[in-house]
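Engineer: Quick one: structure below, then a few questions.
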Amino acid sequence: MSDFKSDMIAVLPRLRRFAQTLTRSVPEADDLVQEACLRALSRAHLWDQGQPFDRWLFRITRNLWISELRKNKVRLGEGHIPAEESAELVTMETGESRVAFSQLQGRIATLPSELTTVLLVVSVEGYSYAEAAELLDIPIGTVMSRIHRARKTLAQKIAEPEGGVL
6 MSDFKSDMIA
16 VLPRLRRFAQ
26 TLTRSVPEAD
36 DLVQEACLRA
46 LSRAHLWDQG
56 QPFDRWLFRI
66 TRNLWISELR
76 KNKVRLGEGH
86 IPAEESAELV
96 TMETGESRVA
106 FSQLQGRIAT
116 LPSELTTVLL
126 VVSVEGYSYA
136 EAAELLDIPI
146 GTVMSRIHRA
156 RKTLAQKIAE
166 PEGGVL
């Protein structure tokens with residue numbers, strides 16, 4: 006582990022320059038480097054010593070930046086508009102939409118918990134597949150598979166008439 010830390014310290018100046026090219030901001034770059042180092046330290050056991058250490062650390066940094074961009078896009082939308090002024094957040098709720106929402110909630114509740122959890126983390130909370138995989142501590146392929154199964158099952162349930170009678 007001491008070689009790991011000394012290798013990381015040696016890469017820091019290059020990593021900081023790389024982060025600055027990604028973020029175009031010194032404070033954001035410093036935050037990104039710090040997050041990348043924390044991620045690398047927590048996942049030191051995953052580093053394949055057969056691959057160059059700097060590439061591995063740069064890839065972690067790049068992936069964190071991409072995830073941050075996605076999170077910002079999802080959470081902030083296209084601009085920084087106060088929520089009370091955003092037309093997208095205004096709903097004209099009708100009785101019909103309330104019933105449809107209630108039915109959808111009921112159908113989601115009938116899904117197995119592993120499908121429901123992944124579906125809600127990605128579709129409702131706005132996490133990327135990679136973030137969901139990390140959050141739920143499962144492989145990203147499992148996240149994609151569960152999302153697919155959840156959506157397919159929901160589509161089948163929605164296509165069925167209430168009560169299962171045609």
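Position in the sequence shown (first residue = 1) + 5 = my numbering.
Note that beta-carbon positions come from the ideal geometry of N, C-alpha and C, so glycine has one too.
All figures in this text were calculated on a predicted structure; none of them were measured in a lab.
Looking only at its own chain, which residues have a Cβ that is under 7 Å from the Cβ of Leu69, when we skip the five neighbours before and after it?
Structural biologist: The answer, listed in chain order, is Leu37, Glu40, Ala41 and Arg44.
Engineer: Assign Ala24 to buried or exposed, taking buried as 16 or more other Cβ atoms, counted over all protein chains shown, within 10 Å of its Cβ.
Structural biologist: Buried, by the Cβ-count rule.
Engineer: Check each candidate in Ser47, Ala155, Ser128 and Ser133 and name the one with the smallest Cα separation from Phe9.
Structural biologist: Of the candidates Ser47, Ala155, Ser128 and Ser133, the one whose C-alpha sits nearest the C-alpha of Phe9 is Ser47.
Engineer: Kindly list the residues whose CB is nearer than 8 Å to the CB of Ala138, restricted to its own chain and excluding five residues on each side of it in sequence; keep chain order.
Structural biologist: Taken in chain order, the residues that qualify are Pro144, Ile145, Thr147 and Val148.
Engineer: Assess contact between the segment 102–117 and the segment 155–165, defined as three or more Cβ pairs (one per stretch) separated by less than 8 Å. Is contact present?
Structural biologist: Cβ pair count under 8 Å is three or more, so yes.
Engineer: Once you ignore the five residues that flank Arg21 on each side, which residues in its own chain have a CB closer than 8 Å to its CB?
Structural biologist: So the qualifying residues of the chain are Ala34, Asp35 and Val38.
Engineer: Taking C-alpha atoms, which residue in Ser72, Leu27 and Ala49 lies nearest to Trp61?
Structural biologist: The residue with the shortest Cα to Cα distance from Trp61 is Ala49.
Engineer: What separation, rounded to the nearest whole angstrom, lies between the Cα atoms of Gly84 and Asn77?
Structural biologist: The predicted model places Gly84 with a pLDDT of 49, which falls under 50 and marks its position as unreliable, so this point remains unresolved.
Engineer: Suppose you measure from the CA of Arg112 to the CA of Phe106; what does that come to, to the nearest Å?
Structural biologist: So the two alpha carbons sit approximately 10 Å from each other.
Engineer: Have a look at Asp53, Leu74 and Ser11 and flag the residue whose alpha-carbon is nearest the alpha-carbon of Arg29.
Structural biologist: The residue with the shortest Cα to Cα distance from Arg29 is Leu74.
Engineer: Sorted by chain position, which residues of the same chain lie with C-beta nearer than 7 Å to Glu136's C-beta, five sequence neighbours on each side aside?
Structural biologist: Cβ neighbours of Glu136 beyond the five flanking positions: Ser72.
Engineer: Residue range of the alpha helix (DSSP H) that Ser148 falls in?
Structural biologist: For the record, residue 148 in the displayed sequence is Val; it is not Ser. Ile145 to Ala164 is the span of the alpha helix (DSSP H), which, as asked, contains Val148.
Engineer: Span of the alpha helix (DSSP H) holding Glu130?
Structural biologist: Segment: none, Glu130 is in no alpha helix (DSSP H) and carries neither H nor E.
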